[in-house]
Each structure stands twice: as structure tokens, then as C-alpha cells.
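Heads up: the sequence lines are chains A and B, in that order.
Here the first sequence stands for residues 0 to 207, numbered as in numbering that gives the first Met the number 0.
Here the second sequence stands for residues 0 to 207, numbered as in numbering that gives the first Met the number 0.
The beta-carbon is built from N, C-alpha and C at its ideal position, and this holds for glycine as well.
None of these values were measured; they are calculated from a predicted model.
Only one structure is covered here, and it is reproduced in the block below.
Number of protein chains: 2
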Amino acid sequence: MTEATAKPSAKLKLLDAAMSVIRIKGFSATSVDELCAAAGVTKGAFFHHFKSKDELGVAAADHWSETTSAMFAKAPYHDHADPFERVLAYVALRKDLLAGSLPEFTCVVGTMVQETYETSPAIRDACDRSISAHAETLEADIEAAMRDRHLRPEWTAKSLALHTQVVLQGAFILAKAKGGAEIAAESVDHLSRYLTLLFSPPKVERQS
Amino acid sequence: MTEATAKPSAKLKLLDAAMSVIRIKGFSATSVDELCAAAGVTKGAFFHHFKSKDELGVAAADHWSETTSAMFAKAPYHDHADPFERVLAYVALRKDLLAGSLPEFTCVVGTMVQETYETSPAIRDACDRSISAHAETLEADIEAAMRDRHLRPEWTAKSLALHTQVVLQGAFILAKAKGGAEIAAESVDHLSRYLTLLFSPPKVERQS
DNA sequence: TTGACTACATACCAACCAGTCGGTATGTAG
DNA sequence: CTACATACCGACTGGTTGGTATGTAGTCAA
């Protein structure tokens, strides 16, 4: 099912175009014609590969999952021996990614799910899958870090992993509102500080 | 400029309708006709009060600012004598508000700015004003809490106030993706925990 | 009474929308 | 060479879109 990168098929060109156009204009405001123009293909090609605009939305979310998970899988933050260092380095990477323009660093599925969560269950599910699957890759490191530091907190690794995604998604919204990523970066700093406080208690009594 | 609440004018009915319809379908997917139908008025009334759909978007963001600021202004969390307690109680209130349905507790301006930040500067600015003005009401309490606890941290009251809004906006997105507010609530718990860690250091050396 | 004004309603339009359809070009298996 | 599949094209359609032009009922002041 994976496409050969040599010959860019119409389907791939449409999905790549969707990544950028949806992040600029949102899903609803992006017309099929516009998508075809951006991809350099015709409407016939569009409806040959996708039964409907909604089906492209689902495919776009899946495509986003694949490209981003591949990118994060080969990122160097995994190289740290200490699992907590891996988590911190992941957050640092997310902060670094806030450079560049807004349509470049914001999230396709975060944008799409806002517009479609009530009107298109298929797209919403695809967006949920994308976010949750990415969070699960963090969950493993967080769990390892918890074991490593002998933490038995009231929160779970899963909720903390999802919290990192909450902060990032929220940071994107504030960045869009402000027209720049400065406070988004500061918010990621707050997240980093929170993690450090959780995993490096300055000196606290151990219960049990 | 403030409307009398006695007689629901077409303008007010349109703005109230916008609050709910936009949160359900998003701004782009909400048509003027639909808005008029929801408000029980005709298109003539719409374009009498708003020059364009974009202008309604701006008015909707302003309307959102007014209604929410009025609601938070009379909320009981201000009654705490301790400023940090006020901040914590605010966050607790935001968590309580996560009950109810998604279109009820999510944010109009957070939804709108995602779709319009690149295509409508006027709406984006109105959304920014709404979020930033609300954050500023928190900033005062945070600053007071910082003085109260003699904190001289590397972060600013402003960035922390905005961070609370980042977490809330992100929580809304995750809630939409998941179809429920459970992890949104857990994320607000993480925010609460972060604030507690920042303002109640278990025992740390004082510099200077 | 009149005239100006506000607050709507009705009727309408051109552009645009998602989706369809008949057709072509290029395989590929037998 | 036949039979059929896949990939793609672009004109077309019926309905929807944001927006306009015009009408009218009520209000207030002179």
C-alpha cells in the first residue's frame, strides 16, 4: 500500500496538497477544486481516488499520521539512555519545530477535528487515532521514566502523554491568534518545567 | 452600545445563534442562511446589521468576550482572600465547566481563529483580543500570588496566564477528538498540579 | 401630515460548490 | 489481438453560497 516515492501519483499529490491547504484555510473552507489546482490534477482524478471530500479528510488524517510518525521515529531524541531525558528532548524538539511559518508547524488533525467533530464521525475518529497513536509513543518513555525514578503518582503515564499533546494543540491555537509562536514557545517551556518538577522533586518525603 | 436584554433584537438573536452554531459546525461551514434560520430572522436582517459574514465573525468574537467576561466576573472564585487560591479556584471552575455537551463548553473564538487566522485578519484580531483580555484578568491574581509567596521565577505572570488558556484550548481539541471531556479534565488536573508545584515549592533554597 | 430614519422582510443574482458522467490513455493477463 | 482494469481528464449539473436591490411597517420630530 505504501507509495513509491519515485513517481508522484495523483493520489499522493492530492494528499500532500491537502496537508498544506487544510492547514492554511481549514477543511471546510478548502474546496475540492482548490485542492486539485494545488495538486496539479483534475477533479476526475480526485473522485477516482476518493469517493467524497470527507473520504479525503480521513485519508489526509491517515497520511498525516504516517508522515509525522515516520519523522518522529527517526528523530534523535530517542538516543538518550535516560527515559526522562528522552521525554524532555521530545518536548525540546517540539519547541524547535515552532520556528517557521504557522501553516508549516501547526497540526492538520487538530485543525480538522475542530471543524468536523460533530458533522463527520469518520474524520473525527481518524484525527483521534492520529493524536492518540502519537501520544502512545510518548507513554512508553514516560512509563519507563516513572519506573526509573520510582514514582507512584496520582496521575497516569497516559494522561501525561496526552497532556503534552493538549499543550501543543493549545499552543497552536494561541500562535494562530497572536500571529506568532512566541507565547506558544513559552507555553512549551511551561510544559517542560512541569515535567521537570514532576520527575525531579527538589526534596520531598517519600510516602509508604 | 450594550443591548437592552428586554427586547431580543434580530442582531442579538443572530449573535446568540452564532455562539451555538459556530461551536457545532465551525465558522466556514456555517452558512448565513443557516444562521438566519437558527436565529429566526431573515437574510435582510442579517445584512442590515452586518456588512458581511466576516463582520459577523468579528461581532461574534466580541459578543463572546462580553458574555464570558461577565460570567467570569461574577463567579465566586474571586472571593478567596489568597490570590493563589483564586487562581486555583479559577482552574477548578474551568474543570467544572467541562460537564455538559461539547458544543456547550468549547470556545467560540478558539474554534474561529483556527479557520480564519490566515484568511481574515479582522476575525483573528478579535479572537486574540478575546483570549488575551481574559488571560489578563488572571494575570493580576498570578502577579499578586507571586508577590505573596515571594517568587522571583524565570517565567512571567503573563506567560503563565496565557499557558492556562493554552491548556484549556488544547483540552477542547482533545475533547472533540475523543468525543468526551474525560482527558480534557485530566489535563486541567495537570495544569492545577503544575500551578501548585510552582507556588508551593516543597522546600527550596531562596536565591539573592 | 409629512418626511427622514431604523429595522426588518422578500425576491433575486452571479459565483461557487461537491459530485457525476462519458471518454481516453496505459497498462496487463491470456 | 482480445478483454478487461486502473488512472486520469474536463465538461457539466443541480443545488448552495454570500451578497444585493427593493419594499414596507413602525417611530420620531417638525
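Original post:
Short check: CB of Ser191(B) to CB of Glu185(A), under 8 Å?
Top reply: No, the pair does not count as a contact, with Cβ atoms beyond the cut-off.
Original post:
How many angstroms separate the CA atom of Ala134(A) from the CA atom of Cys106(A)?
Top reply: 14 Å
Original post:
Does the stretch 141-150 of chain B come within contact of the stretch 127-141 of chain A, defined as at least 3 CB pairs closer than 8 Å?
Top reply: Flag = no, the stretch 141-150 of chain B and the stretch 127-141 of chain A do not touch.
Original post:
Are the CB atoms of Gly169(A) and Gly169(B) nearer to each other than 8 Å?
Top reply: yes
**OP:** Starting from the C-beta of Ala58(B), find all residues in its chain whose C-beta is less than 7 Å away, skip the five residues before and the five after it, and write them out in chain order.
**Re:** In its chain, beyond the 5 residues on either side, Leu14, Phe49 have a beta carbon closer than 7 Å to the beta carbon of Ala58(B).
Original post:
chain B beta carbons: is any one of them nearer than 8 Å to that of Thr118(A)?
Top reply: yes
Subject >> Nearest-angstrom Cα separation, counted from Arg148(A) out to Thr115(B) >> reply: 45 Å
Original post:
Would you say the stretch 72-85 of chain B touches the stretch 78-93 of chain A, given that touching needs at least three Cβ pairs under 8 Å?
Top reply: no
Subject >> Thr29(B) classed as buried or exposed, judged by whether at least 16 other C-beta atoms fall within 10 angstroms >> reply: By the neighbour-count criterion, in which a residue is buried when 16 or more other Cβ atoms sit within 10 angstroms of its Cβ, Thr29(B) is buried.
**OP:** Quick one: which residues of the stretch 102-113 of chain A get their C-beta closer than 8 Å to a C-beta of chain B? List them in chain order.
**Re:** Pro102, Val108, Gly109, Thr110, Val112, Gln113
**OP:** Find the residues of chain B that neighbour Val166(A), judging by a C-beta separation of less than 7 Å, and give them in chain order.
**Re:** Val165, Val166, Gly169
**OP:** Please classify Ser19(B): is it buried, with 16 or more other beta-carbons within 10 angstroms of its beta-carbon, or exposed?
**Re:** exposed
Original post:
Could you give the residue range of the alpha helix (DSSP H) that holds Phe45(A)?
Top reply: Unbroken alpha helix (DSSP H) run through Phe45(A): 42-48.
Subject >> Proximal residues to Pro102(B) (C-beta, below 6 Å), its chain only, five neighbours per side dropped >> reply: Arg22, Ile23
**OP:** Could you tell me whether the Cβ atoms of Val86(B) and Leu197(B) are closer together than 8 Å?
**Re:** no
**OP:** Could you tell me whether the Cβ atoms of Phe9(B) and Val31(B) are closer together than 8 Å?
**Re:** The sequence given here places Ala at residue 9(B); Phe does not occur at that position. Not in contact: Ala9(B) and Val31(B) (Cβ atoms no closer than 8 Å).
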